[in-house]
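Colleague: If you count the sequence shown from 1, position 89 lands on 164 in the working numbering, and the numbers rise without skipping. For every residue, glycine included, the Cβ atom is placed at its ideal position computed from N, Cα and C.
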Amino acid sequence: MEETSAANFSRLPTPSQRLSKIRQRKKKTREEMFSDIMEVTRKERAHLNEWKEVVSKYRKDASEREDRRDTRDERWWQEDWQEDQRWRQEDQRWRDATLGLLRDQTDMLRRLVELQERQQDHRVPLQPLYNHPQHDPHPPHPDA
76 MEETSAANFS RLPTPSQRLS KIRQRKKKTR EEMFSDIMEV TRKERAHLNE
126 WKEVVSKYRK DASEREDRRD TRDERWWQED WQEDQRWRQE DQRWRDATLG
176 LLRDQTDMLR RLVELQERQQ DHRVPLQPLY NHPQHDPHPP HPDA
């Protein structure tokens, strides 16, 4: 048994070997930690890039929707403006027609007044009725 334990003892690492192993383990642990950190960083960066793509696509889609809305609003504004112009022109035509009609009526009235004045100039003035003997300007009251 002594042989066996002596053989086992000889196989045990020496303190310098144990220290070397601890240093290697620390080194390996640091390298593993660095690798883990780098892996997490790569994953975070990939996730961040995916997020940036999603945000970029959303912004692009929103910008396109806004452009389409602006184009549609501009088209509606132009159509409204054109319709307003048509109504203004129609109103102007009605005003012009009404003014023309009023001018014509005024001219007709002026001519009628002129004609009436000319006829009165050529007519014998009417005599007042109270100069006629048959007419009594103050008729008797019926109860009298």
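Does the distance from the CB of K96 to the CB of P88 come in under 8 Å?
Modeller: Closer than 8 Å, so yes.
Colleague: Less than 6 Å between C-beta atoms, sequence neighbours within five positions excluded: which residues of the same chain meet that for E149?
Modeller: none
Colleague: In this structure, does DSSP put L177 in helix, strand or coil?
Modeller: helix
Colleague: Suppose you measure from the CA of R140 to the CA of E128; what does that come to, to the nearest Å?
Modeller: 18 Å
Colleague: Roughly how many whole angstroms lie between the Cα atoms of L94 and R86?
Modeller: 16 Å
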